[in-house]
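Asks:
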Amino acid sequence: MTGVESPVYEPGHGLLKGRTAVITAAAGAGIGGATARRFLEEGARVLISDAHARRLKEYGAELAGEFGPERVAALPCDVTDDAQVQALFEAALREHGRLDVVVNNAGLGGTSALVDMTDEQWTRVLDVTLNGTFRCTRAALRLMRDARDSGGVIVNNASVVGWRAQAGQAHYAAAKAGVMALTRCAALEAAEYGVRVNAVAPSLAMHPHLVKVTSAELLEELTAREAFGRYAEPWEVANVIVFLASGYSSYMTGEVVAVSSQHV
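Heads up: take any position in the sequence shown, counting from 1, add 96, and you land on the working numbering.
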C-alpha cells in the first residue's frame, strides 16, 4: 500500500447487536468477507453466501471458530439462479429466525472495449451484478414486508463507475448505474413497511489477491487518482456498510454513499 499513513482498524462497538444479516459474495478477502467479519465484530449473526462453495466453507469455518458457530452460517448461492436465492433467504429464517439486514455484494467485472464486447460478456456482468442484486432485493423485501416491525435494511454495493465514464467498463458501469437506480426506486417502495435501502460506491478497494494480479504500473496509476494516494482496504468500505446497516443511519434511505473522492 502507498500513502502517508495507514488506516486504523477500529474495534467493534455493538452497533449491530442482535441483528441477523445475509451477505452475498462473502467468501473471499474482499468487501464481502470484510463485511461479514465487521458485522460479527459489531454483534450481528450472519449467513454468508458465495458461488464458490469451497472457499465459502473454509471462510465460514474460520468465522465460526472465532465468533461461535451459533452466530455464523454459510450457504452457497449463485445469484443468477432465483431458486438458489430463494433457498438462501429461507435458510436465513431457518438458521437465525429472522432477517434484519441484507448486503448485496455479489458483482462481476471485466475489461473489454465496447466494439469487441460479446453478448455473453455483457449479459454475464449484468446478470450477476444488476439482476443478482434485484433478485436478492426482491426476496429480502418480501420477507421484510411480512415482518413490518423488523426495521429491515438493505445495503447494495455499487461503484463510482456508475457515475463516471471509464474505458473498457461499459458493461460494469451500466450494471452499477443500474444498482444505483434500483436502490433509489426500491427505497421509495420499501419505506411503506419501514425498510431502508441504501448503497455504497467504492472506487479502488484492494486486497492481497487482487494486488498480486494487478501490475505495479496500473496500481500506481489507480492509486495516484485517489485523494489519499492509496487504495482502500476492504474493511474501510465494510465500515460504511456497518454504518448504513445500523441505527446511526435511521433517516437515510435511497442514498448512494461514495467511499472515495472520485464521485465524478
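Even glycine gets a Cβ: it sits at the ideal position worked out from N, Cα and C.
Specify whether the stretch 188 to 202 and the stretch 135 to 151 touch according to this definition: at least 3 beta carbon pairs, one from each stretch, less than 8 Å apart.
Replies: yes
Asks: Spatial neighbours of A301 within its chain, please: CB distance less than 8 Å, with the 5 preceding and 5 following residues excluded, ordered by chain position.
Replies: G126, I127, Y327, A328, E329, P330, E332, V333, V355
Asks: Quickly, what does DSSP pair S145 with across the bridge? List them, please.
Replies: L171
Asks: Excluding five sequence neighbours on each side, which residues of the same chain lie with their C-beta closer than 8 Å to the C-beta of S346?
Replies: R292
Asks: Decide if A286 is buried, meaning its Cβ has at least 16 other Cβ atoms within 10 Å, or exposed.
Replies: buried
Asks: May I ask you to report which of helix, strand or coil DSSP gives S345?
Replies: S345 falls in the helix class under three-state DSSP.
Asks: With a 10 Å radius around its C-beta and 16 neighbouring C-beta atoms as the bar for buried, classify S342 as buried or exposed.
Replies: buried
Asks: Leaving aside the five residues before and after V175 along the sequence, list all residues of the same chain whose C-beta is less than 7 Å from its C-beta, in chain order.
Replies: T120, V181, A202, V224, G228, R231, C232
Asks: Mind the definition here: the stretch 270 to 278 touches the stretch 251 to 258 only if three or more C-beta pairs lie below 8 Å; say whether that holds.
Replies: yes
Asks: Can you give me the C-alpha to C-alpha distance between G99 and E288, rounded to a whole angstrom?
Replies: Residue confidence is low: G99 scores 47 on pLDDT, short of 50, so the model does not pin down where it sits. Its coordinate-derived value is still stated next. If you draw a straight line from the Cα of G99 to the Cα of E288, it is about 45 Å long.
Asks: Would DSSP call V275 helix, strand or coil?
Replies: If DSSP states are grouped into helix, strand and coil, V275 belongs with the helices.
Asks: Using CA atoms only, rank isn't needed, just tell me which of Y105, A132, S299 is closest to L152.
Replies: A132
Asks: Which partner residues of N252 appear in the DSSP bridge assignment?
Replies: N200, A295
Asks: Residues in the same chain with beta-carbon distance under 7 Å from F163, minus the five sequence neighbours each way, listed in chain order, please.
Replies: L136
Asks: Taking the straight line between their C-alpha atoms, what separation do you get for T116 and D196?
Replies: 5 Å
Asks: Just the C-alpha distance for E158 and L210, rounded to the nearest angstrom, thanks.
Replies: The alpha-carbon separation between E158 and L210 amounts to approximately 41 Å.
Asks: Do you know whose CA, among C173, R134, E216, lies nearest R167's CA?
Replies: For R167, the closest C-alpha among the options C173, R134, E216 is that of R134.
Asks: At which residues does the alpha helix (DSSP H) containing A117 begin and terminate?
Replies: Here A117 belongs to no alpha helix (DSSP H); instead the beta strand (DSSP E) covers 116 to 119.
Asks: Helix, strand or coil for M97? Go by DSSP, reduced to three states.
Replies: Here M97 scores only 45 on pLDDT, less than 50, and its place in the model is too uncertain to base an answer on.
Asks: In chain order, which alpha helix (DSSP H) runs of at least 4 residues are fully inside the stretch 205 to 234?
Replies: 215 to 222
Asks: For A169, I'd like the list of residues in its chain whose CB is within less than 6 Å of its CB, leaving aside the five on either flank, ordered along the chain.
Replies: Cβ neighbours of A169 beyond the five flanking positions: L143, E191.
Asks: The beta strand (DSSP E) spanning V365 covers which residue range?
Replies: Nothing about residue 365 can be reported from this structure: the residues present for the chain run from 97 to 360 only.
Asks: Cα separation between Q262 and E101?
Replies: 28 Å
Asks: Shortest alpha-carbon distance to D178 belongs to which of A235, G264, E351?
Replies: Considering only alpha carbons, the answer is A235.
Asks: Could you pull out every residue in the same chain whose Cβ sits closer than 8 Å to the Cβ of G161, ignoring the five residues on either side in sequence?
Replies: Within the same chain, G161 has no close Cβ partners at all.
Asks: Could you check whether the Cβ of A266 sits closer than 7 Å to any heavy atom belonging to the ligand COA?
Replies: Inclusion of the ligand COA in the displayed structure is not the case, the ligand content being empty and no account of it being possible.
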